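Below is one structure, written out as structure tokens, with a few remarks after it.
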Amino acid sequence: MGEKEIATVVQIKKAVAAVKAERPAYEEILDFYEKLFLAQEEAKGRVQIEPIQIPEKLLSVKREENFPLIDKADFTVDISASEALLRKICRLAIEANEVLAEAVPKIVDALDKGTLGASALFSKILGEDDAYFDEAARNLETDKKILAFVAYFSMKPSISLCAEQLATYLDKETPWEKGYCPICGSPPALSILRDEGARFLLCSFCGREWQTTRIYCPFCDNNDQNTLHYFFSEEEKDYRVNVCDECKKYIKTVDTRKMKRPVDPFVEQISTLHLDLLAQEQGLESGIPIWLQM
Ligand SMILES: [Zn+2]
Ligand SMILES: [Zn+2]
467 MGEKEIATVV QIKKAVAAVK AERPAYEEIL DFYEKLFLAQ EEAKGRVQIE PIQIPEKLLS
527 VKREENFPLI DKADFTVDIS ASEALLRKIC RLAIEANEVL AEAVPKIVDA LDKGTLGASA
587 LFSKILGEDD AYFDEAARNL ETDKKILAFV AYFSMKPSIS LCAEQLATYL DKETPWEKGY
647 CPICGSPPAL SILRDEGARF LLCSFCGREW QTTRIYCPFC DNNDQNTLHY FFSEEEKDYR
707 VNVCDECKKY IKTVDTRKMK RPVDPFVEQI STLHLDLLAQ EQGLESGIPI WLQM
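Residue numbers for the sequence shown follow my numbering, beginning at 467 and rising by one.
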């Protein structure tokens, strides 16, 4: 691992330990995710991908039209590094809890037998082919969300590296302020309040963060104060669920302003599933893709 990966590993460990101390109910799942995140950082060092080039002309059109830099389908993925990581994540998942121990061996079996191809799985994530995951999960008698989850997290090191490289093409002068990621066009998975109350959205696919306005629904562009509100629990004042009455979707917000501990957005996303349950009990829909719904 390089210096940067080691720094990330230290930060992840601190963030995980802090959340575990605050919310012991998440201990088991966070133990698993911690191993998974560390495996991803390790894999990042082995990933080999060609940088994606965006011609000057195309770039200026994209900027003018507020288009994201690329489509999800255009990400480059190191298949062999991702497949090795897929195997590792499956091993970790089987040891993690009963639900995963039931679903994941069927995926491993199919990979061994060749009835499931890792590279097909990766391309179906890039193409967001929901029907494929329905059918594959049915054939393998496994869980669709878990199948998408292991596939996505195995490709994540390639996706993150692509996104880091592509970030050099972003216009640093003009704030993006859209509801979709400036790099890949995906919806946000989480909203984060940072210093001075600036609001950032975290991409559900490539992990890019971008700044946006405070009163705004990223899923339908609604910015009317009367139809946007939020709820929170008294015990957790640093977390809230932002709700849009127009599209009936919600997004979780982490207010990091008063937090005295290390914060990792993905760790926050995983350790706030109780907020998703509350929102879903109210008939609200999450705007996030299947690979993050496990
Ligand atoms: Zn993105
Ligand atoms: Zn909305």
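For glycine and all other residues, C-beta sits at the position ideal for the given N, C-alpha and C. In this text the structure is predicted, and so the values were computed from the model without any measurement.
{"Query": "Measure the C-alpha to C-alpha separation of Y705 and K579 and round it to an integer number of angstroms.", "Result": "45 Å"}
{"Query": "For T640, which three-state DSSP category applies?", "Result": "coil"}
{"Query": "Does DSSP put E751 in a helix, in a strand, or in coil?", "Result": "strand"}
{"Query": "Assuming F615 and L558 form a contact by the criterion Cβ under 8 Å, report the distance between their Cβ atoms to the nearest whole angstrom.", "Result": "Rounded, the Cβ-Cβ distance is 12 Å, inconsistent with contact."}
{"Query": "Suppose only complete runs of 4+ residues qualify. What are the alpha helix (DSSP H) ranges in the segment 604-643, listed by chain order?", "Result": "610-632"}
{"Query": "In terms of alpha-carbon separation, which member of L504, A483, M760, F541 lies closest to Q631?", "Result": "F541"}
{"Query": "Need the endpoints of the alpha helix (DSSP H) that K501 sits in, please.", "Result": "493-510"}
{"Query": "Considering only the beta carbon of each residue, do I573 and T608 sit closer than 8 Å?", "Result": "yes"}
{"Query": "Taking the beta strand (DSSP E) that A586 falls in, what are its first and last residues?", "Result": "From DSSP, A586 is part of no beta strand (DSSP E) but of the alpha helix (DSSP H) over 584-592."}
{"Query": "In angstroms, rounded to a whole number, what distance separates the CA positions of V565 and R529?", "Result": "45 Å"}
{"Query": "Just to confirm before moving on: does the CB-CB distance between L496 and V485 stay below 8 Å?", "Result": "yes"}
{"Query": "Quick check on DSSP: helix, strand or coil for V709?", "Result": "strand"}
{"Query": "Grab the span of the alpha helix (DSSP H) containing C556 for me, first residue to last.", "Result": "545-562"}
{"Query": "How far does the alpha helix (DSSP H) with I472 in it extend, from its first residue to its last?", "Result": "469-488"}
{"Query": "Would T678 be called buried (16 or more neighbouring beta carbons within 10 Å of its own) or exposed?", "Result": "buried"}
{"Query": "Can you find a heavy atom of ligand 2 that lies under 7 Å from the Cβ of E713?", "Result": "First, the residue type needs correcting, since residue 713 is Cys and not Glu in the sequence shown. Within the cutoff, so yes."}
{"Query": "Can you list, in chain order, every residue whose CB sits closer than 5 Å to a heavy atom of ligand 4?", "Result": "With respect to ligand 4, the structure offers nothing, as its ligand set consists of ligand 1 and ligand 2."}
{"Query": "Specify, as a first and last residue, the run of the beta strand (DSSP E) that F666 falls within.", "Result": "665-669"}
{"Query": "Quick one: grab the DSSP three-state call for Y696.", "Result": "strand"}
{"Query": "Is the number of C-beta pairs between the segment 747-760 and the segment 650-664 that are closer than 8 Å three or more?", "Result": "yes"}
{"Query": "Given I555, which residues of its chain have a CB within under 8 Å of its CB, disregarding the five upstream and five downstream residues?", "Result": "L502, A505, V616, F619, S620"}
{"Query": "Cβ of N708 within 7 Å of any heavy atom in ligand 2?", "Result": "no"}
{"Query": "For R680, I'd like the list of residues in its chain whose CB is within less than 6 Å of its CB, leaving aside the five on either flank, ordered along the chain.", "Result": "R665"}
{"Query": "Would you call the segment 581-592 and the segment 545-552 touching, i.e. three or more CB-CB distances under 8 Å?", "Result": "yes"}
{"Query": "Quick one: is the Cβ of F685 within less than 7 Å of any heavy atom of ligand 2?", "Result": "yes"}
{"Query": "Measure the CB-CB distance between L750 and K715 and report whether it falls below 8 Å.", "Result": "yes"}
{"Query": "Are the beta-carbon atoms of L636 and P623 separated by less than 8 Å?", "Result": "no"}
{"Query": "Within 10 Å of its beta-carbon, does S737 have 16 or more other beta-carbons around it, so buried, or fewer, so exposed?", "Result": "buried"}
{"Query": "Helix, strand or coil for L743 per DSSP?", "Result": "helix"}
{"Query": "With DSSP collapsed to three states, give me the class of Q735.", "Result": "helix"}
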